[in-house]
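Novice:
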Amino acid sequence: MSEVRTLVNRSSVSLVVRVLGLALSFPATILLSRSLGIDEFGAYSIAFSYASIAAIAVRLGFDNTATKFVAIYRQNSAGRPLRAFFRYSVRTMLAGWASLCLAAMAWLAVSPTMPLLLASGAAFVAISLALIGVLSAVLRSFDHIFESQFYEQLLRPLLIIALLGGACLVGAKVDAAAGMLFTAASLAAATLLAFWRSTRLISSVPANGELEGQRALWFRMGWVVAIMSVVLETLNQIEVILLGALASPAASALFAAPQRLSSLAALGMTAIVTVTGPRIAAAFHSGDKEGLAKIAQVSARLCFGSTLALAAGLLLVGPWLLQLWGKEFTASAPVLNVLLIGALANAATGSAGYLTILTGHERAALGILLVTLVLTVALELVLIPQFGAVGAASGAAFGLTLWNVVMALYVRRKLGIDCTVIGRPVASPV
Numbered sequence: 001m002s003e004v005r006t007l008v009n010r011s012s013v014s015l016v017v018r019v020l021g022l023a024l025s026f027p028a029t030i031l032l033s034r035s036l037g038i039d040e041f042g043a044y045s046i047a048f049s050y051a052s053i054a055a056i057a058v059r060l061g062f063d064n065t066a067t068k069f070v071a072i073y074r075q076n077s078a079g080r081p082l083r084a085f086f087r088y089s090v091r092t093m094l095a096g097w098a099s100l101c102l103a104a105m106a107w108l109a110v111s112p113t114m115p116l117l118l119a120s121g122a123a124f125v126a127i128s129l130a131l132i133g134v135l136s137a138v139l140r141s142f143d144h145i146f147e148s149q150f151y152e153q154l155l156r157p158l159l160i161i162a163l164l165g166g167a168c169l170v171g172a173k174v175d176a177a178a179g180m181l182f183t184a185a186s187l188a189a190a191t192l193l194a195f196w197r198s199t200r201l202i203s204s205v206p207a208n209g210e211l212e213g214q215r216a217l218w219f220r221m222g223w224v225v226a227i228m229s230v231v232l233e234t235l236n237q238i239e240v241i242l243l244g245a246l247a248s249p250a251a252s253a254l255f256a257a258p259q260r261l262s263s264l265a266a267l268g269m270t271a272i273v274t275v276t277g278p279r280i281a282a283a284f285h286s287g288d289k290e291g292l293a294k295i296a297q298v299s300a301r302l303c304f305g306s307t308l309a310l311a312a313g314l315l316l317v318g319p320w321l322l323q324l325w326g327k328e329f330t331a332s333a334p335v336l337n338v339l340l341i342g343a344l345a346n347a348a349t350g351s352a353g354y355l356t357i358l359t360g361h362e363r364a365a366l367g368i369l370l371v372t373l374v375l376t377v378a379l380e381l382v383l384i385p386q387f388g389a390v391g392a393a394s395g396a397a398f399g400l401t402l403w404n405v406v407m408a409l410y411v412r413r414k415l416g417i418d419c420t421v422i423g424r425p426v427a428s429p430v
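Note that the numbering used here has the sequence shown beginning at 1, numbered continuously upward.
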């Protein structure tokens with residue numbers, strides 16, 4: 001089977017799962033919004049943003065490290081270092097989470113900026129998000145594309161809907177803390193099932209391979225990717241947090257809804273990039289530059305084509321869809337339009353991030369990302385007080401465009417690969 005056909009087939013499976021996931025997650029989000037009201041939903045969104053950033057910190061880059069090393073160990077039938085890596089990653093994440101919880105408790109004791117019950121729910125959301133991200137990467141590296149997304153994309157929102165529906169049936173009042181606890185319980189159940197499946201797959205690999213020097217390789221890549229992941233998630237969540245600090249929880253909600261809706265435009269891209277990660281790692285490890293270039297070019301064109309079609313559809317029906325969150329959210333249509341511009345810029349460079357991280361250039365990627373974060377925050381500090389959610393969306397689109405353009409240029413210079421939608425041949429780097 002050709003590389004193109006393999007990529008298309010596996011991306012199609014990934015896309016179908018994500019479409020089904022959205023068919024569940026959107027009703028879950030809308031049900032949350034209507035159950036909580038705009039202010040409580042804003043408080044929930046802010047707490048979830050903190051939990052998402054904490055999850056990335058706790059994950060320590062093990063999702064990307066797993067994408068690289070699990071694919072290589074599986075390719076080489078090296079079960080001994082594979083099992084050692086899995087144990088090391090899970091134990092390290094749990095230890096990091098415990099330390100972060102202690103620090104958060106100390107902070108809340110001094111400055112009680114968040115209700116304890118809401119913060120507790122967010123803490124359990126953080127560890128579940130951290131673990132399921134790594135477990136999904138493991139399942140993808142075993143080519144279990146459906147399973148790698150089933151637990152988080154399908155099972156989690158289904159459980160949230162069931163819990164919220166049950167609360168409505170018994171007439172229980174749902175506030176931000178209750179919504180967060182429902183989210184935590186749903187994630188915990190999904191994570192436990194994903195953990196069980198991952199351990200079964202890992203145990204099926206023959207106990208070959210040497211452990212000597214492997215932990216140093218994990219650490220060398222891991223600490224850089226860990227910092228990079230925190231910065232990237234901060235870049236993804238900073239608008240909601242800044243709006244809450246510089247404007248109001250309602251302003252955060254008015255951004256969070258179109259941000260969620262704009263993620264539909266990246267649906268195809270996410271499905272494609274999710275599949276390409278392990279293949280990029282395997283191709284680079286085996287020295288197949290021609291195959292690596294083919295993966296980059298095909299994925300970029302598939303990413304841009306799917307994003308363009310979905311963005312065009314959202315431009316037409318977006319204002320109507322925003323009303324599903326509530327009448328107040330119709331004012332968020334301009335926010336959605338700006339975010340869609342950033343989504344197109346992101347899609348035009350395909351798998352630029354993976355091409356940099358999984359080929360040994362993670363430090364350069366971190367440097368580019370740090371500069372992007374600083375410039376984005378500086379711009380949003382100016383725009384948000386004057387333009388509110390639209391200013392936040394403009395900053396987000398700017399950051400996403402800057403990050404992807406610079407990364408694509410770096411890949412072109414260092415790897416000799418044009419990873420953009422244009423995909424022209426490039427002379428080998430000196």
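From the three backbone atoms N, C-alpha and C, an ideal C-beta is built for every residue, glycine too.
1) Under 8 Å by Cβ, that's how I've got Ile72 and Ala282 pegged, so tell me the actual separation to the nearest angstrom.
2) Taking its Cβ as the centre, do 16 or more other Cβ atoms sit within 10 Å of Ile227, making it buried, or is it exposed?
3) What number of angstroms, rounded off, separates the C-alpha of Gly222 from the C-alpha of Thr65?
4) Please confirm whether Leu135 and Ala194 have their CB atoms less than 8 Å apart.
5) Tell whether a beta-carbon distance below 8 Å holds between Val421 and Ala348.
6) Please check the pair Ala47 and Ser128, which I expect to be a contact at CB under 8 Å, by giving their CB distance rounded to whole angstroms.
7) Going along the chain, which residues of its own chain have a beta-carbon closer than 8 Å to the beta-carbon of Val231, five neighbours each way excluded?
8) Given that a residue counts as buried once 16 or more other Cβ atoms are within 10 Å of its Cβ, and exposed if not, what is Leu316?
9) If I'm right that Gln149 touches Arg18 with Cβ under 8 Å, what's the distance once you round it to whole angstroms?
10) Could you check where the alpha helix (DSSP H) with Asn346 kicks off and where it finishes?
11) Look up Ala123 in the DSSP assignment and say whether it is helix, strand or coil.
12) Tell me the rounded alpha-carbon separation between Leu94 and Ala312.
13) Measure the beta-carbon distance from Val70 to Leu82 and round it to whole angstroms, keeping in mind my assumption that it falls under 8 Å.
14) Check this for me: beta carbons of Leu264 and Asn346, under 8 Å apart or not?
15) Would you mind sorting Asn337 into buried or exposed? The rule is 16 or more other CB atoms within 10 Å of its CB.
16) Taking Cβ positions, are Arg80 and Ser141 nearer each other than 8 Å?
17) Tell me the rounded alpha-carbon separation between His361 and Gln237.
18) Using the rule of at least 16 other Cβ atoms within 10 Å of the residue's Cβ for burial, across every protein chain shown, is Cys303 buried or exposed?
19) Does the beta-carbon of Ala112 have 16 or more other beta-carbons within 10 angstroms, so that it is buried, or is it exposed?
20) When burial is assigned at 16 or more other CB atoms within 10 Å of the CB, is Gln297 buried or exposed?
21) Please identify the residue among Phe86, Thr274, Val224, Cys168 whose C-alpha is closest to the C-alpha of Ser14.
22) Mind reading off the beta-carbon distance from Leu32 to Pro157? Whole number of angstroms is fine, and I expect it under 8 Å.
23) Apart from the five residues just before and just after Arg10, which ones in its own chain have a Cβ nearer than 8 Å to its Cβ?
24) Between Ser229 and the rest of its own chain, which residues show a CB-CB distance below 6 Å, the 5 nearest in sequence each way excluded?
25) In three-state DSSP terms, what is Ala396?
26) For Gly96, which residues of its own chain have a beta-carbon under 8 Å away from its beta-carbon, when the five flanking residues on both sides are left out?
27) Are the region 166–186 and the region 116–127 touching by the rule of at least three beta carbon pairs closer than 8 Å?
28) Can you tell me whether Ile417 sits near the ligand MG, meaning its C-beta is under 7 Å from at least one heavy atom of the ligand?
29) Drop a sphere of 10 angstroms on the beta-carbon of Leu102, count the other beta-carbons inside from all chains shown, and report buried for 16 or more, exposed for fewer.
30) Can you pull the DSSP bridge partners for Ala78?
31) Let me make sure I understand the geometry here. Which of Gly350, Ala172, Ala176, Phe284 has the alpha-carbon closest to that of Val406?
32) Cα separation between Phe41 and Ala253?
33) For Phe329, which residues of its own chain have a beta-carbon under 6 Å away from its beta-carbon, when the five flanking residues on both sides are left out?
34) In chain order, what residues of the same chain have a beta carbon less than 8 Å from the beta carbon of Ala397, not counting five sequence neighbours either side?
35) Within the region 117–192, note down every full alpha helix (DSSP H) run reaching 4 residues or more, in order along the chain.
Specialist: Judging by the given coordinates:
1) As a working mapping, residue 72 is identified with position 72 in the sequence shown. As a working mapping, residue 282 is identified with position 282 in the sequence shown. Right, their Cβ atoms sit about 7 Å apart.
2) One-based indexing of the sequence shown puts residue 227 at position 227. Answer is buried; the Cβ neighbour count reaches 16.
3) The residue given as residue 222 occupies position 222 in the sequence shown. The residue given as residue 65 occupies position 65 in the sequence shown. Gly222 and Thr65: Cα-Cα distance of roughly 6 Å.
4) As a first step, residue 135 is located in the sequence shown; it is residue number 135 there, counting from the start. As a first step, residue 194 is located in the sequence shown; it is residue number 194 there, counting from the start. Result yes, Cβ atoms of Leu135 and Ala194 sit closer than 8 Å.
5) As a first step, residue 421 is located in the sequence shown; it is residue number 421 there, counting from the start. As a first step, residue 348 is located in the sequence shown; it is residue number 348 there, counting from the start. For Val421 and Ala348, yes; Cβs fall inside 8 Å.
6) Counting from one through the sequence shown, the residue named residue 47 turns up at place 47. Counting from one through the sequence shown, the residue named residue 128 turns up at place 128. Actually they do not touch by this definition, with Cβ atoms about 14 Å apart.
7) As a first step, residue 231 is located in the sequence shown; it is residue number 231 there, counting from the start. Cβ neighbours of Val231 beyond the five flanking positions: Leu366, Leu369, Leu370, Leu373.
8) As a working note, residue 316 is residue 316 in the sequence shown. With fewer than 16 Cβ atoms within 10 Å of its Cβ, Leu316 is classed as exposed.
9) Against the sequence shown, residue 149 aligns to sequence position 149. Against the sequence shown, residue 18 aligns to sequence position 18. At roughly 7 Å, the Cβ-Cβ gap stays under 8 Å, so Gln149 and Arg18 are in contact.
10) On the sequence shown, residue 346 is found 346 positions in, with the first residue counted as 1. For Asn346, the enclosing alpha helix (DSSP H) begins and ends at 333–347.
11) Stepping through the sequence shown from its first residue, residue 123 is reached at position 123. DSSP places Ala123 in helix when its eight states are reduced to three.
12) Translated into positions along the sequence shown, residue 94 becomes position 94. Translated into positions along the sequence shown, residue 312 becomes position 312. Those two C-alpha atoms are separated by around 42 Å.
13) The residue labelled residue 70 in the question sits at position 70 within the sequence shown. The residue labelled residue 82 in the question sits at position 82 within the sequence shown. The pair is a contact, with the Cβ atoms about 6 Å apart (cut-off 8 Å).
14) By one-based count along the sequence shown, residue 264 stands at place 264. By one-based count along the sequence shown, residue 346 stands at place 346. Contact: no.
15) On the sequence shown, position 337 is the one that residue 337 refers to. For Asn337, the number of other beta carbons within 10 angstroms of its own is at least 16, and it is reported as buried.
16) For the purposes of this step, residue 80 is identified with residue 80 of the sequence shown, where counting begins at 1. For the purposes of this step, residue 141 is identified with residue 141 of the sequence shown, where counting begins at 1. Not a contact, by the Cβ cut-off of 8 Å.
17) Within the sequence shown, numbered from 1, the residue matching residue 361 stands at position 361. Within the sequence shown, numbered from 1, the residue matching residue 237 stands at position 237. Computed Cα separation, rounded: 25 Å.
18) Stepping through the sequence shown from its first residue, residue 303 is reached at position 303. It is buried - the Cβ of Cys303 has at least 16 other Cβ atoms within 10 Å.
19) Numbered from 1 along the sequence shown, position 112 holds the residue referred to as residue 112. In the sequence on display, residue 112 carries Pro and not Ala. By the Cβ neighbour-count rule, Pro112 is exposed, with fewer than 16 other Cβ atoms within 10 Å of its own.
20) Within the sequence shown, the letter at position 297 stands for residue 297. Answer is buried; the Cβ neighbour count reaches 16.
21) Within the sequence shown, the letter at position 14 stands for residue 14. Nearest of Phe86, Thr274, Val224, Cys168 to Ser14, Cα basis: Thr274.
22) Numbered from its first residue, the sequence shown carries residue 32 at position 32. Numbered from its first residue, the sequence shown carries residue 157 at position 157. Not confirmed; about 10 Å, so no contact.
23) Sequence index remark: in the sequence shown, residue 10 carries index 10 (1-based). Cβ neighbours of Arg10 beyond the five flanking positions: Asp143, Ile145, Val275.
24) Translated into positions along the sequence shown, residue 229 becomes position 229. Hits under 6 Å: Ile56, Gly61.
25) Along the sequence shown, one-based indexing puts residue 396 at 396. If DSSP states are grouped into helix, strand and coil, Ala396 belongs with the helices.
26) The residue you call residue 96 lines up with position 96 of the sequence shown. Excluding sequence neighbours, Gly96 sits near Ala57, Val58, Leu60.
27) With three or more CB-CB distances shorter than 8 Å, the region 166–186 counts as touching the region 116–127.
28) This structure simply doesn't include the ligand MG, nor any ligand for that matter.
29) Along the sequence shown, read from residue 1 onward, the residue named residue 102 stands at position 102. With fewer than 16 other Cβ atoms within 10 Å, it is exposed.
30) Taking the sequence shown and counting its residues from 1, the one referred to as residue 78 is at position 78. Answer by DSSP bridge pairing, in chain order: Ala207.
31) Here residue 406 refers to the residue found at position 406 when the sequence shown is read from its first residue. The option with the nearest alpha carbon to Val406 is Gly350.
32) Within the sequence shown, numbered from 1, the residue matching residue 41 stands at position 41. Within the sequence shown, numbered from 1, the residue matching residue 253 stands at position 253. Those two C-alpha atoms are separated by around 7 Å.
33) Residue numbering aside, residue 329 sits at position 329 when the sequence shown is read from its first letter. Excluding sequence neighbours, Phe329 sits near Ala257, Leu322.
34) Along the sequence shown, one-based indexing puts residue 397 at 397. Excluding residues within five positions, the ones whose Cβ falls inside 8 Å are Val338, Leu339, Ile341, Gly342, Ala345.
35) 145–149, 156–169
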